[in-house]
Amino acid sequence: MENNSKQTEPIEHPVINVDIACVGFGPAMGGFLTTLSRKLVKSDGSAAFQSRCADGMPLQVVCYERADDVGFGVSGVVSKARSLKKSFKDELFSIPMACGVKKEKLLYLLDPYKASRRPLTMRIADKFIRIIKPLLPFKDDAFEVLWSPEFLHKKDGLIFSIGQFTQWVSGVVQSSGMVQIWPSTPASKVIVEDNCVKGFRLIDQGVDKTGKPADGFVPGMEIRAGLTVVGDGPVGTIGRQIDDHFGMPEGAERNDWAVGMKMVVDLPENTALEPGTVIHTFGYPEPEIFGFLYVHPDRIASLGIFVPSWFDSPIRNTYRYLQYWMLHPYFWKHLKDARLRSWGAKSLLESGQRGTPYLAGNGYARIGEGSGSTNVLTNSGVDEAWETGVILAEAVIELLEKNLPFTKENLDAAYVKRRKESWIEKEGKIAEKARDGFNCGFISGVLGMMLSGLSKGLLNIPGKPKPISKRVKTLDEFFKDKISPDELKKIIDECAAKGLPLNSILMERTGWQPIQYDGKLLVSHQDALLIGGKVQAPDGYADHVIFINPALCKECDRKICIEMCSGQAIAPGEDGVPAFDREKCVHCGACMWNCVKEISEAKVNIRFEAGTGGLHSAEN
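Counting from 327, one number per residue, gives the positions in the sequence shown under the numbering used here.
Next comes the structure, spelled out in structure tokens:
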């Protein structure tokens, strides 16, 4: 991110030199720093390696995390935890909210309200299921799938909270005394010199919303390092800047995304849901939307849905769909008296191995979801991300022992080669084309996943991933059979005048029931920001969501950035240009990949830069 100041005098940025600088503290970085820190200390307690930048000091390893706390994220996770168990064995069960998987269910949800946009094949299937329901494991408009393939199971796995887990891991790492972790330090600009990554610059402080120096201006420090480890996720600023500078490997693309919106809830005292229960759903509230519910100890449950980029609706409001999912009869009987603890959202890179960037170069290495590690067939990402960090740590130790520099050649030999030979890459290759069928429709997508999984990746249903601009229908197209053009225009104009998104009005107009708030679990979107995850947005920092060319915003006929915004931080603004309120932003990044206005190849009209703050909740 370039400084927007128009000062004639160049800004001098203080410099800190370290051996290894890390960006982002999530599962991948946890795996890297846990494995690395164990090798940095000898059995006698002395340092195993000397710093190359500070004479007489041990290796200087520092991690910078954007969020205000290292325990970010409210998501519940179910994982086979193969790599995690290898790192920690039985210690994992000491993490708050963690327990073993005891029961797994896959449910096909029928539509109790007749509002879902179901293709003909699904409508026929729904009628048939209802006719023969006495013969089936059918209850409360949900059909329990009698058989599901082995690759979907998490048998002998672990249910845990990603927030509680990262907090616990950070304690393990920092207790070694060999690693520093600094939250609330967003990295804003990668430093590249002579085609070598030399580190990154932290965000400027004491600036106005446009980034211009104001009272109390403090320039961001330059963190220079022999190795920069990038684990800032799929929408991270540094990772994206590296991709922009070095490009992507031939054939790599990132057109498949999803928003995961999640809640942590206190279940009623009389709940029948047992700890260790895992439920996955498909078919409702829309065929393209998948859901989950995981039960932790102490009557705590994690639940949520995933809204993917192949969903063609221009009013794809995840929060609204999550409420309808919770209200489905099968779940509402369990959730009726539940209470919201935490709420949040995150973008997920659904391109899998197809979205793998260059994993290493001169002075840098990539790990985690932003490096294409997520398995899109098994819906698994945390354990895979952790393993990428473990592999890189082993490679770094090898190079340190040989006293070799962190060049592309050396990192390719020590890290990339290891990773290509790992189970992550082998399983990721099987999954690479598993979701291609969804580009042709829901039924073909489900069949394509089954084919890919059962054939170990040999068979699939082809379908070319498209940019969001070519997937999502216009409002006129989407509602042509339900709302007249005149009525639709009237609704659009009224919402723009009031500064409101369209989704609630249009969904209720087309058959979805109004939400009856109960003040406990069913609350307004704004109340979820207050009750389930207060957004912190301190003054003195620039806005991190920028509409590059306002003229393109004015002519946009969909404005999905408004409808999709997880925190309602983007709203209708003056002259057709959306307005951004960073005090509501949850930093999910959905606005960026949902923008339909391209300014150049692979570049959209929204720039998502480094930003401070984020959600604070009971779990983080």
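We put the CB at the ideal spot given by N, CA and C, even for glycine.
- Query: Pick from K659, F768, K672 and A540: whose alpha carbon is nearest that of P445?
  - Reply: F768
- Task: In the DSSP assignment, find the beta strand (DSSP E) that holds A627 and state where it starts and stops.
- Result: I626 to P634
- Message: Out of N920, W651, V349 and E338, which one is the CA nearest neighbour of R642?
- Response: Distance check between R642 and each of N920, W651, V349 and E338 places N920 closest, using alpha-carbon atoms only.
- Which value, in whole angstroms, describes the spacing of the CA atoms of V861 and G382? 43 Å
- What does a CB cutoff of less than 8 Å around E724 pick up in its chain, not counting 5 residues either side in sequence? A740
- Query: How would you call S628, buried or exposed, if buried means at least 16 neighbouring beta carbons within 10 angstroms?
  - Reply: buried
- Message: Can you list, in chain order, the residues of its chain with a C-beta nearer than 7 Å to that of R646? Leave out the 5 residues immediately preceding and following it.
- Response: N829, S830 and M833
- Task: Identify the continuous beta strand (DSSP E) that holds N343 and give its terminal residues.
- Result: V341 to V349
- What residue does the beta strand (DSSP E) around G402 start on, and which one ends it? G402 to S405
- Under 8 Å between the Cβ atoms of E890 and C911? Per the sequence shown, the amino acid found at residue 890 is Met instead of Glu. No, the Cβ-Cβ distance between M890 and C911 is not below 8 Å.
- Task: Evaluate R667 with the Cβ neighbour count: other Cβ atoms within 10 Å of its Cβ, from every protein chain shown; 16 or more gives buried, anything less gives exposed.
- Result: Of the residues assessed, R667 falls on the buried side of the cut-off, its CB having 16 or more other CB atoms within 10 angstroms.
- Relative to the C-alpha of A823, which residue among G609, A905 and A895 is closest? A905
- What three-state label does DSSP hand G771 in the structure shown? Of the three classes helix, strand and coil, the one that applies to G771 here is helix, per DSSP.
- Task: Just the C-alpha distance for N343 and G866, rounded to the nearest angstrom, thanks.
- Result: 26 Å
- Task: May I ask you to list the residues that DSSP assigns as paired with G586?
- Result: In the DSSP output, where bridge partners are listed per residue, G586 has F632 and K672.
- Item | Reduced DSSP secondary structure (H/G/I, E/B, other) of K734 | helix
- May I have the straight-line CA-CA distance separating D395 from W494, to the nearest angstrom? 12 Å
- Item | Continuous beta strand (DSSP E) stretch holding C389: start and end | For C389, the enclosing beta strand (DSSP E) has its first and last residue at V387 to Y390.
- Query: Where in the region 412 to 487 do unbroken runs of the alpha helix (DSSP H), each at least 4 residues long, occur, reported from the N-terminal end onward?
  - Reply: 446 to 457
- Message: I'd like to check one pair, W636 with E614: are the Cβ atoms closer than 8 Å?
- Response: yes
- Message: Quick check on this structure: which residue in P594, F543 and L648 has the alpha carbon closest to the alpha carbon of K588?
- Response: L648
- Query: Taking Cβ to Cβ, would you say N765 is nearer than 8 Å to L777?
  - Reply: no
- Item | Residues bridged to R665 [DSSP beta-bridge criterion] | D592
- Query: Who does W508 pair with in a DSSP beta bridge?
  - Reply: Y390
- Message: Give me the residue from T511, A584, D452 and E595 with the minimum Cα distance to E391.
- Response: T511
- Kindly identify the DSSP beta-bridge partner or partners of A691. In the DSSP output, where bridge partners are listed per residue, A691 has V555 and A686.
- Message: Using only CA atoms, which one of H913, K759 and S372 lies nearest to T700?
- Response: K759
- Between which two residues does the alpha helix (DSSP H) harbouring H751 extend? The residue asked about is misnamed: residue 751 is Glu in this sequence, not His. Start and end: W749 to A757.
- Query: Using the beta-carbon count (16 or more within 10 Å), is Y967 buried or exposed?
  - Reply: The displayed coordinates of the chain run from 327 to 946. Any statement about residue 967 would go beyond what the structure contains.
- Query: Terminal residues of the continuous alpha helix (DSSP H) containing F358?
  - Reply: P353 to K365
- Message: By the three-class DSSP mapping on this structure, what secondary structure does T836 have?
- Response: coil
- Query: If we ignore side chains and look at the alpha-carbon of each, how far apart do S331 and H913 end up?
  - Reply: Bear in mind that a pLDDT of 45 at S331, under 50, signals an unreliable position, so the number given afterwards is only what the model happens to contain. Cα to Cα, S331 sits roughly 24 Å from H913.
- Could you work out which residue in N596, E676, K929 and W669 is closest to V633 when comparing CA atoms only? E676
- Task: Rounded to whole angstroms, what's the CA-CA distance from M682 to P575? Just pull it up for me.
- Result: Reading off the sequence, residue 682 comes out as Thr, not Met. In this model, T682 and P575 are separated by some 8 Å (Cα to Cα).
- Query: What's the gap between the Cα of E820 and the Cα of E813?
  - Reply: E820 and E813: Cα-Cα distance of roughly 11 Å.
- Taking the C-alpha atoms as reference points, what is the distance between G939 and P864? Rounded to the nearest whole angstrom, the C-alpha separation of G939 and P864 is 7 Å.
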